[in-house]
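Visitor: Encoded as structure tokens, here's the structure I'll be asking about.
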Amino acid sequence: MIRAITNLLDSWFGIKEPHRNFLARALPEKINVSYCLGGMAFTAFLISLITGLLLSIYYVPSGRDAYSSMVALHDKVWFGWGIRSIHKWSANLLIIFVLLHAVRVFVHRAYRPPRELNWMAGAIGFVLIMASGFTGYLLPWDQKAYWATVVGTSMARTVPGAGPLIETLLRGGPEVAGATLVRFYSLHVLWIPFGLMLVFWAHFHMVKRQGISGGL
Amino acid sequence: MQRRDFLSWLLKSAYGALGLGCLAALPYLYRDGRGDIKTFFVKTIDVDDLPRIGVKQVEFPFRGLTHKAFVVRRDKDLFVLSPVCSHMGCYVNWNFVENEFLCPCHGGRYDMTGRVTGGPPPKPLTRLPHFIKNGFFYIGIRA
Chain A
1 MIRAITNLLD SWFGIKEPHR NFLARALPEK INVSYCLGGM AFTAFLISLI TGLLLSIYYV
61 PSGRDAYSSM VALHDKVWFG WGIRSIHKWS ANLLIIFVLL HAVRVFVHRA YRPPRELNWM
121 AGAIGFVLIM ASGFTGYLLP WDQKAYWATV VGTSMARTVP GAGPLIETLL RGGPEVAGAT
181 LVRFYSLHVL WIPFGLMLVF WAHFHMVKRQ GISGGL
Chain B
1 MQRRDFLSWL LKSAYGALGL GCLAALPYLY RDGRGDIKTF FVKTIDVDDL PRIGVKQVEF
61 PFRGLTHKAF VVRRDKDLFV LSPVCSHMGC YVNWNFVENE FLCPCHGGRY DMTGRVTGGP
121 PPKPLTRLPH FIKNGFFYIG IRA
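If you read the sequences in order, they're chains A and B. Residue 13 in my numbering sits at position 13 of the first sequence, with consecutive numbering throughout. Residue 31 in my numbering sits at position 31 of the second sequence, with consecutive numbering throughout.
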């Protein structure tokens, strides 16, 4: 049945040929498991995305209700604790896989021309992922989250000149409060995922155009 | 089976597992709110540590949070009082000097049995269910 649907769609839109070009493209001979690290990172991202969508059903991004909504997620929602754990662990794995992927690309010198721009896209993606980790850490709104964000945002103050300005901008006020939570929530669920998808789109299309580097 | 067929079968199985995983999200998403509040009995202190007379505050962990309750022995009577003030839900404290439970928020007062003796509380302190099993004192909390 899937084949019939695919054939029908192909007869309308001609979808088979471009996908065959991509899925059955030539790869370098000396390829190994370490070439999967980017894909593993993307899989971890997808898991974070799906579990994040599920978490957003029950999370209340307000200073008054955030913590109790998280407790309610654990206590009252079927497998709520599990979805939250999967979100946390996939996020951790995402950072690990991204780092290993970067090491692999570096060791294979795959950042060299003509792939400089793709390395930069990856670097931007890495910064966005770290930002996602930092903003997501505040959302449980418990003591650990609160003080981690107080310390983390106060580091911005050490920037020469513009430090206090950046700190206030990050916190949305003089100190970490409900306004900070809403701001971090917005960054975590809207701005950063949107930015990441743009970066990933560029990253993958550049890989498709340029092919995979021949390795060592 | 050829390598190509095996990989194709593997891919399809992975998609199938993914689909089933998505079905598992349905009970997560569905909530009607019934049966949300239940009484859970939590193991607290050794029966030897129960108060011989008067009020004792016990603290016990439940689902990662520390809860507290007051165990009261009065004459032959043993009962457990919730520390939650019936006015606005602050935690009351037992005051040894005044022999009363005092609420720090709006000055509510309760005597040793939980009856209101002053301030704004509309109702006495809630008595919590409890039992003794295998030498330990269990307190029932609603969560």
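Even glycine gets a Cβ: it sits at the ideal position worked out from N, Cα and C.
Are the beta-carbon atoms of Q57/B and F41/B separated by less than 7 Å?
Guide: Result no, Cβ atoms of Q57/B and F41/B do not sit closer than 7 Å.
Visitor: Could you tell me whether any non-hydrogen atom of the ligand MN is closer than 6 Å to the CB of A123/A?
Guide: In terms of ligand content, the structure shown is empty, and the ligand MN therefore cannot be addressed.
Visitor: Give a yes or no on contact between the segment 172-184 of chain A and the segment 139-147 of chain A, applying the rule of three or more CB pairs nearer than 8 Å.
Guide: Cβ pair count under 8 Å is three or more, so yes.
Visitor: If we ignore side chains and look at the alpha-carbon of each, how far apart do F184/A and S86/B end up?
Guide: One C-alpha to the other measures close to 36 Å.
Visitor: Mapping the DSSP letters down to three states, classify L8/A as helix, strand or coil.
Guide: It is helical.
Visitor: Residue range of the alpha helix (DSSP H) that G89/B falls in?
Guide: Premise fails: G89/B is in no alpha helix (DSSP H) and is neither H nor E.
Visitor: Could you say which of I139/B, A24/B, T113/B and P124/B lies nearest to F79/A if we only look at CA atoms?
Guide: Residue A24/B is the option with its Cα nearest to F79/A.
Visitor: Could you name the residues of the segment 22-56 of chain B whose beta carbon sits closer than 7 Å to any beta carbon of chain A, in the order they occur along the chain?
Guide: Those would be A25, P27, Y28, L29, R31 and D36, in chain order.
Visitor: Taking contact to mean 3 or more Cβ pairs, one atom from each stretch, closer than 8 Å, check whether the segment 93-110 of chain A and the segment 63-82 of chain A are in contact.
Guide: Cβ pair count under 8 Å is below three, so no.
Visitor: Could you please give me the residues that DSSP links to K208/A through a beta bridge?
Guide: Its beta-bridge partners do not exist; DSSP assigns none.
Visitor: If we call anything under 7 Å between Cβ atoms a contact, is H19/A one with G52/A?
Guide: No; because the gap between Cβ atoms is not below 7 Å, this pair is not in contact.
Visitor: How is Y15/B classed by DSSP in three states: helix, strand or coil?
Guide: DSSP places Y15/B in helix when its eight states are reduced to three.
Visitor: So what's T39/B in DSSP terms, helix, strand or just coil?
Guide: In this structure, T39/B counts as strand in the three-state DSSP scheme.
Visitor: Taking 7 Å as the threshold (beta carbon to beta carbon), is K76/A in contact with chain B?
Guide: For K76/A, the answer is yes, since a Cβ of chain B falls inside 7 Å of its Cβ.
Visitor: For the candidate residues N32/A, K16/A and F45/A, whose alpha-carbon lies nearest to that of M130/A?
Guide: For M130/A, the nearest C-alpha among the options comes from F45/A.
Visitor: Please decide whether L126/A counts as near chain B, where near means a Cβ-Cβ distance under 7 Å.
Guide: Contrary to the premise, residue 126/A reads as Phe rather than Leu in this sequence. Not an interface residue.
Visitor: Smallest Cα separation from W81/A: which of Y15/B, G19/B, Y28/B and M1/B?
Guide: Of the listed residues, the one whose Cα sits closest to W81/A is Y28/B.
Visitor: Short of 7 Å Cβ to Cβ, which residues in the segment 43-62 of chain A face chain C?
Guide: No chain C appears in the structure shown, which is made up of the protein chains A and B.
Visitor: Kindly list, in the order they appear in chain B, the residues whose Cβ is closer than 8 Å to that of F79/A.
Guide: Chain B residues near F79/A: A24, P27 and Y28.
Visitor: Tell me whether W12/A is buried or exposed, calling it buried when 16 or more other Cβ atoms sit within 10 Å of its Cβ.
Guide: W12/A comes out exposed.
Visitor: H203/A by DSSP, collapsed to three states: which one?
Guide: H203/A: helix per DSSP, three-state reduction.
Visitor: State the Cα-Cα distance for the pair L138/A and R25/A, rounded to the nearest angstrom.
Guide: Answer to the nearest angstrom: the Cα atoms are 43 Å apart.
Visitor: Tell me the DSSP secondary structure of Q2/B in three-state form.
Guide: Reduced to three states, the DSSP call for Q2/B is coil.
Visitor: By Cβ distance, which residues of its chain are closer than 8 Å to K68/B, with the 5 residues on each side in sequence left out?
Guide: The answer, listed in chain order, is Q57, V58, E59, F60, P83 and Y91.
Visitor: Quick one: what does DSSP say L181/A is sitting in, helix, strand or coil?
Guide: In this structure, L181/A counts as helix in the three-state DSSP scheme.
Visitor: Can you pull the chain B residues whose beta carbon is under 7 Å from the beta carbon of I192/A, in chain order?
Guide: Near I192/A there are no residues of chain B at all, since even the closest Cβ is about 23 Å away, more than 7 Å.
Visitor: If we require 3 or more residues per run, which beta strand (DSSP E) segments fall completely within the segment 50-109 of chain B?
Guide: Taking only runs of at least 3 residues, the beta strand (DSSP E) segments lying wholly in the segment 50-109 of chain B are 54-62, 65-74, 77-81, 93-95 and 100-102.
Visitor: Considering only DSSP beta bridges, list what I141/B is partnered with.
Guide: In DSSP, I141/B forms a bridge with F40/B.
Visitor: So F131/B and V47/B are supposed to be a Cβ contact under 8 Å. How far apart are they, rounded?
Guide: About 11 Å; that fails the 8 Å criterion.
Visitor: Give the range of the beta strand (DSSP E) segment to which H130/B is assigned.
Guide: Taken as a continuous stretch (DSSP letters only), the beta strand (DSSP E) holding H130/B covers H130 to K133.
Visitor: For W94/B, which residues in the same chain have their Cβ closer than 7 Å to its Cβ, ignoring the five residues on either side in sequence?
Guide: Correct list, in chain order: V55, Q57, F70 and F101.
Visitor: Return yes when the Cβ of S90/A is within less than 7 Å of the Cβ of S48/A, no when it is not.
Guide: Against a cut-off of 7 Å, the Cβ pair of S90/A and S48/A comes out as a contact.
Visitor: Can you give the beta carbon distance from L37/A to F134/A, rounded, assuming they're within the 8 Å contact cut?
Guide: Incorrect: roughly 23 Å between the Cβ atoms, too far for contact.
Visitor: Give me the chain A residues within the contact set of R142/B, using Cβ-Cβ distance strictly less than 8 Å, ordered along the chain.
Guide: Simply none; closest approach about 11 Å.
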